[in-house]
Structures are given as structure tokens and as C-alpha cells.
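Chemist: Structure below; questions to follow.
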Amino acid sequence: MALLHRATIRPTKLELLTDWVPTQPWGEPGVDLVGAYRFDDPDGEVGLETHIVVTAGGHLLQVPLTYRGAPLTGADEFLICTMEHSVLGPRWIYDAVGDPVYVRVLASVLLAGVGQAAELVEGADAPREPSARVTGSGSPSGDVPLVDDVRTSSDGSSTLVEAGALRIVVRRRLDGPAPTAAAGSTLTGSWSGLDAPVLLAYVD
Numbered sequence: 147m148a149l150l151h152r153a154t155i156r157p158t159k160l161e162l163l164t165d166w167v168p169t170q171p172w173g174e175p176g177v178d179l180v181g182a183y184r185f186d187d188p189d190g191e192v193g194l195e196t197h198i199v200v201t202a203g204g205h206l207l208q209v210p211l212t213y214r215g216a217p218l219t220g221a222d223e224f225l226i227c228t229m230e231h232s233v234l235g236p237r238w239i240y241d242a243v244g245d246p247v248y249v250r251v252l253a254s255v256l257l258a259g260v261g262q263a264a265e266l267v268e269g270a271d272a273p274r275e276p277s278a279r280v281t282g283s284g285s286p287s288g289d290v291p292l293v294d295d296v297r298t299s300s301d302g303s304s305t306l307v308e309a310g311a312l313r314i315v316v317r318r319r320l321d322g323p324a325p326t327a328a329a330g331s332t333l334t335g336s337w338s339g340l341d342a343p344v345l346l347a348y349v350d
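Adding 146 to a residue's 1-based position in the sequence shown gives its number in the numbering used here.
If you want it as C-alpha cells, here you go:
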């Protein structure tokens with residue numbers, strides 16, 4: 147379960163996305179938040195949140211982030227910014243595709259059917275309704291390979307994540323047709339305004 151603090155953060159998530167997304171090969175200027183979903187880090191150390199945003203040009207983009215309490219060694223190329231959190235203190239914000247914790251959890255969702263995290267706001271009696279719902283096609287008996295060293299490459303529509311023999315495609319632009327190659331293990335999502343679930347990621 148993801149515990150959400152009633153905190154002030156600087157920069158805000160929208161501010162950091164507004165600055166960073168246009169610098170990416172799949173990005174463009176002017177973003178607004180549409181929805182978000184979270185996964186649980188089994189060790190409880192790393193925040194895992196994926197944002198769905200719409201650009202000024204009307205394109206839907208997917209932006210997974212990880213939130214860390216200390217820098218991730220060897221991951222400077224994936225560091226987006228540092229954030230000041232009024233409860234947790236300094237946070238290091240990463241493009242999640244380069245964070246082994248995110249890749250390991252995403253693989254567990256795709257291959258072993260791990261679900262999204264419930265979201266409990268600090269002081270609330272029950273989890274809140276997430277603004278995006280996601281479903282992985284894996285089963286509990288699925289085999290999840292070891293994820294350690296992560297390599298990535300991005301183009302104008304997606305990011306390929308490689309970890310050993312594992313190859314995961316994270317779709318960045320969501321409003322185009324789904325790839326025909328996505329016939330195996332998948333992650334799909336839905337949020338307000340959609341007519342049908344959207345493919346978010348798949349094992350290549």
C-alpha cells in the first residue's frame with residue numbers, strides 16, 4: 147500500500163513534468179495531469195508512480211517516475227531533479243525506466259500478475275480511488291527473471307528496457323495504435339474519458 151503524506155513539495159510533480167517531458171524524444175511542450183497509478187516496492191524504500199499526461203498538442207503520454215530518499219548509484223542519466231518534501235525531506239526523482247526497482251516490479255506485474263498499489267492518504271480511514279486503474283496479464287505462477295543491470299533506448303513513441311534476457315517495451319505515446327507485437331504479457335490501463343483500456347507496456 148502506498149502511504150500518501152499531506153505534504154508540500156517543491157518542485158511540484160506538474161512543474162517537474164512540464165520542464166522534463168519536452169526534453170525527451172517522445173515528449174512535447176505543455177503538459178497537464180490526466181491520471182496516475184502506483185506500484186509497491188516490496189522493500190518499502192522507493193516510491194513508484196506513473197503519470198498519464200496530455201500535451202498542448204493533445205497527445206497522451208506515459209511518464210513513470212521513482213522517488214528515492216538518496217541518489218541511485220550509477221543512474222545520473224536518469225535523474226530528473228531533486229525535490230524537497232516537507233515530510234520526507236530531500237527526494238531524488240528518476241525516470242523510472244532506468245531504475246532497477248521499477249523494472250523489477252513492472253516485470254512482476256507483467257509476468258506474475260502483481261497488482262497496482264492501494265493509495266492511502268495520511269489520516270484517512272480507507273484507501274482512495276486511484277485516478278487510473280491498471281491490470282497486468284501475468285499469473286501468480288509466472289517466472290520473473292532477476293533484474294539487476296538495466297539498459298534503455300527511447301524513440302518517438304516508446305522506451306525499450308533490457309535487463310538480461312528480459313525485454314520490456316514501455317509505451318510513451320498512448321494515443322496511437324497499439325503495436326501488433328504486443329501479443330504476450332501486457333499491462334493495460336483505464337482512466338476517465340477512455341472508451342477502452344489502453345496498452346501501457348508489454349514484454350517484447
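C-beta: ideal position from N, C-alpha, C; glycine also.
Decide if residue 301 is buried, meaning its Cβ has at least 16 other Cβ atoms within 10 Å, or exposed.
Modeler: In the sequence shown, the residue the question calls residue 301 occupies position 155. Counting Cβ neighbours within 10 Å, residue 301 comes out exposed, since fewer than 16 surround it.
Chemist: Can you find a C-beta in chain B that's less than 8 angstroms from the C-beta of residue 166?
Modeler: Protein chain content of the structure displayed is limited to a single chain, and chain B is not contained in it.
Chemist: Are residue 207 and residue 244 closer than 8 angstroms when you measure CB to CB?
Modeler: Within the sequence shown, the letter at position 61 stands for residue 207. Within the sequence shown, the letter at position 98 stands for residue 244. Taking 8 angstroms as the Cβ cut-off, residue 207 and residue 244 do not qualify as a contacting pair.
Chemist: In chain order, which continuous runs of the alpha helix (DSSP H) of length 4 or greater are located wholly inside the stretch 149–206?
Modeler: 159–166
Chemist: Could you tell me which residues DSSP pairs with residue 309 in its beta bridges?
Modeler: In the sequence shown, counting from the first residue as 1, residue 309 sits at position 163. Paired residues: 312.
Chemist: Relative to the C-alpha of residue 205, which residue among 254, 180, 342 and 291 is closest?
Modeler: Counting from 1 along the sequence shown, the entry for residue 205 is found at position 59. It is 180.
Chemist: If I follow the unbroken beta strand (DSSP E) through residue 299, where does it start and stop?
Modeler: Here residue 299 refers to the residue found at position 153 when the sequence shown is read from its first residue. DSSP places residue 299 in the uninterrupted beta strand (DSSP E) bounded by 297–300.
Chemist: Give me the Cα-Cα distance between residue 159 and residue 233, rounded to the nearest whole angstrom.
Modeler: In the sequence shown, residue 159 corresponds to position 13, counting from 1. In the sequence shown, residue 233 corresponds to position 87, counting from 1. Their backbone Cα atoms lie some 16 angstroms apart in a straight line.
Chemist: Using only the alpha-carbon positions, how far apart do residue 201 and residue 332 sit?
Modeler: Start at 1 with the first residue of the sequence shown, and residue 201 comes out as number 55. Start at 1 with the first residue of the sequence shown, and residue 332 comes out as number 186. Each residue's Cα considered, the two are about 25 angstroms apart.
Chemist: Can you tell me where the beta strand (DSSP E) with residue 280 in it begins and where it stops?
Modeler: Taking the sequence shown and counting its residues from 1, one reaches residue 280 at position 134. Note, residue 280: beta strand (DSSP E), 278–282.
Chemist: Could you round the C-beta distance between residue 345 and residue 311 to whole angstroms and report it? I think they count as a contact, below 8 angstroms.
Modeler: The sequence position of residue 345 within the sequence shown is 199, counting from 1. The sequence position of residue 311 within the sequence shown is 165, counting from 1. At roughly 22 angstroms, the Cβ-Cβ gap does not stay under 8 angstroms, so residue 345 and residue 311 are not in contact.
Chemist: Let me confirm a value: residue 241 is counted as buried when at least 16 other C-beta atoms fall within 10 Å, else exposed. Which label applies?
Modeler: The residue you call residue 241 lines up with position 95 of the sequence shown. Its Cβ being crowded by 16 or more others within 10 Å, residue 241 is buried.
Chemist: In chain order, what residues of the same chain have a beta carbon less than 7 angstroms from the beta carbon of residue 163, not counting five sequence neighbours either side?
Modeler: Sequence index remark: in the sequence shown, residue 163 carries index 17 (1-based). Hits under 7 angstroms: 177, 197, 199 and 209.
Chemist: Could you work out which residue in 229, 257, 171 and 161 is closest to residue 330 when comparing CA atoms only?
Modeler: Along the sequence shown, one-based indexing puts residue 330 at 184. When each option's Cα is compared against that of residue 330, the closest is 257.
Chemist: With DSSP as the reference, identify every bridge partner of residue 225, one or two as the case may be.
Modeler: In the sequence shown, residue 225 corresponds to position 79, counting from 1. 240.
Chemist: Alpha carbon to alpha carbon, how far is residue 263 from residue 236?
Modeler: Numbered from its first residue, the sequence shown carries residue 263 at position 117. Numbered from its first residue, the sequence shown carries residue 236 at position 90. Distance between the alpha carbons of residue 263 and residue 236 is about 23 angstroms.
Chemist: Could you tell me the alpha carbon to alpha carbon distance between residue 321 and residue 255, rounded to whole angstroms?
Modeler: Mapped onto the sequence shown, residue 321 falls at position 175. Mapped onto the sequence shown, residue 255 falls at position 109. When rounded, the distance between both Cα atoms is 22 angstroms.
Chemist: According to DSSP, what are the bridge partners of residue 209?
Modeler: Indexing the sequence shown from 1 puts residue 209 at position 63. The partner list for residue 209 (beta bridge, DSSP) reads 197.
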